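Residue numbers (the working numbering): 2 to 298. The block underneath contains the structure these notes are about, expressed in structure tokens.
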């Protein structure tokens, strides 16, 4: 029921009360009038004057008036009863509606109370979840910060390891270079050793050959070997004899060598490596060099 209907009901109740008050006032007036008429009649009864006819007519008029008043009052009472019955029925209906609305409101209030309790429970659960989420978020933040710190430390370690690796790589490359150089040096030394060994063996062989040559009558002078054969041959035969022994006739280039030849020859005549076979009259040594030392033997 809305507010306008409630106010209308209150106005009708006030009107009903006013009608009741008016009816009571009429009844009071009727009772007062009857009392006054009774008193007047009672007072005037002993008197038997010429005004009795007037009093009778007044009484009749009063009776008529009272009858009309009763009819009016009866009509008013009937109207009031009908109106009261209708208004009471309306009031009962309104009360019923109000009771239903009250019950509906109570039901709604109960439902709203339950919803409120549910909302409060949900709110409490959500608050707990929020606090749990905040705790989780704080823990995750701490873990993230720890991970960031660990990542930074690992990054620094990685950079340090990269630096160390780069340094070790440089050292390795340097060592490899050194090893390569040492290997080259070793190989060079091995080659040198091999060459020296070969030279040693060659020298040993040459030494043995020289020893054999010295034993066979060869003489050494200024890093050259000289042999004086006891056989007598022509110049060509002598040269062939020399070439067969991987030698050649002597080429005298200085006085010292000439003196050495004289010394070993003991003043005997010997063939030397001087010839003019290419151009007659033009003397050259067998090694194809020109004769620059002209002093005869």
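C-beta atoms are modelled at their ideal positions from N, C-alpha and C, and glycine is treated no differently. Remember, predicted model here, so these are calculated numbers, not experimental data.
Problem - CA-to-CA distance, residue 286 to residue 199, given in whole angstroms - result: One-based indexing of the chain shown puts residue 199 at position 198. One-based indexing of the chain shown puts residue 286 at position 285. Looking at the two C-alpha atoms, the distance is approximately 33 Å.
Practice task
Count the CB pairs spanning the region 253-261 and the region 238-245 that are closer than 8 Å, and state whether there are at least three.
Solution key: Fewer than three pairs of CB atoms, one per stretch, sit closer than 8 Å, so the region 253-261 makes no contact with the region 238-245.
Practice task
For residue 234, I'd like the list of residues in its chain whose CB is within less than 7 Å of its CB, leaving aside the five on either flank, ordered along the chain.
Solution key: For the purposes of this step, residue 234 is taken as the residue at position 233 of the chain shown. Within the same chain, residue 234 has close Cβ partners 242.
Exercise for the section: Would you identify the three-state DSSP class for residue 61, choosing helix, strand or coil? Expected result: Locating residue 61 in the chain shown gives position 60, counting from the first residue. Residue 61 falls in the helix class under three-state DSSP.
Exercise for the section: Name the residue from 213, 78, 115 whose alpha carbon lies nearest to the alpha carbon of residue 246. Expected result: In the chain shown, residue 246 corresponds to position 245, counting from 1. Of 213, 78, 115, the residue nearest in Cα terms is 213.
Practice task
Specify, as a first and last residue, the run of the alpha helix (DSSP H) that residue 263 falls within.
Solution key: Locating residue 263 in the chain shown gives position 262, counting from the first residue. Where residue 263 is concerned, the enclosing alpha helix (DSSP H) stretches over 256-266.
Exercise for the section: Starting from the C-beta of residue 292, find all residues in its chain whose C-beta is less than 7 Å away, skip the five residues before and the five after it, and write them out in chain order. Expected result: If you number the chain shown from 1, residue 292 lands on position 291. Once the five neighbours on either side are set aside, the close Cβ partners of residue 292 are 275, 284, 285, 286.
Exercise for the section: Return the first residue and the last residue of the alpha helix (DSSP H) that residue 237 is part of. Expected result: In the chain shown, the residue the question calls residue 237 occupies position 236. Note, residue 237: alpha helix (DSSP H), 236-245.
Practice task
Output the boundary residues of the beta strand (DSSP E) element that contains residue 225.
Solution key: Position 224 of the chain shown, counting from 1, holds the residue named residue 225. 225-227 is the span of the beta strand (DSSP E), which, as asked, contains residue 225.
Problem - Beta-carbon spacing of residue 220, residue 273 below 8 Å - result: By 1-based counting over the chain shown, the position of residue 220 is 219. By 1-based counting over the chain shown, the position of residue 273 is 272. Between residue 220 and residue 273, the gap from beta carbon to beta carbon reaches 8 Å or more.
Problem - Coil, strand or helix - residue 220 by DSSP - result: In the chain shown, residue 220 corresponds to position 219, counting from 1. Three-state DSSP puts residue 220 in a strand.
Problem - Min CB distance residue 74 to chain B below 8 Å - result: Looking at the structure shown, chain B is missing, and only one protein chain is on hand.
Handout entry: Secondary structure of residue 95, DSSP reduced to three states
Key = Start at 1 with the first residue of the chain shown, and residue 95 comes out as number 94. Assignment of residue 95 by DSSP, reduced to helix, strand and coil, places it in the helix class.
Practice task
Consult DSSP for residue 288 and reduce its assignment to one of helix, strand or coil.
Solution key: Locating residue 288 in the chain shown gives position 287, where the first residue counts as 1. Reduced to three states, the DSSP call for residue 288 is coil.
Exercise for the section: Express the C-alpha separation of residue 76 and residue 68 in angstroms, rounding to a whole number. Expected result: Position 67 of the chain shown, counted from the start, is the residue given in the question as residue 68. Position 75 of the chain shown, counted from the start, is the residue given in the question as residue 76. Note on geometry: alpha-carbon atoms of residue 68 and residue 76 lie some 12 Å from one another.
Exercise for the section: Can you tell me which of the three DSSP states residue 270 falls into? Expected result: Locating residue 270 in the chain shown gives position 269, counting from the first residue. Reduced to three states, the DSSP call for residue 270 is coil.
Practice task
Output the distance between the C-alpha atoms of residue 58 and residue 70, rounded to the nearest integer angstrom.
Solution key: As a first step, residue 58 must be located in the chain shown, where it is residue number 57. As a first step, residue 70 must be located in the chain shown, where it is residue number 69. Linking residue 58 to residue 70 through their CA atoms gives a straight-line distance of about 18 Å.
Handout entry: Cutoff 6 Å; reference residue 168; Cβ partners in own chain excluding five residues on either side
Key = Taking the chain shown and counting its residues from 1, the one referred to as residue 168 is at position 167. Non-local C-beta neighbours of residue 168 in its own chain, meaning closer than 6 Å and more than five positions away in sequence, are absent.
Exercise for the section: Grab me the residues of residue 268's own chain with a C-beta within less than 8 Å of its C-beta, minus the 5 sequence neighbours each way, in chain order. Expected result: Within the chain shown, residue 268 is the residue found at index 267, counting from 1. Residues of the same chain with a CB within less than 8 Å of the CB of residue 268, apart from the 5 flanking positions on each side, do not exist.
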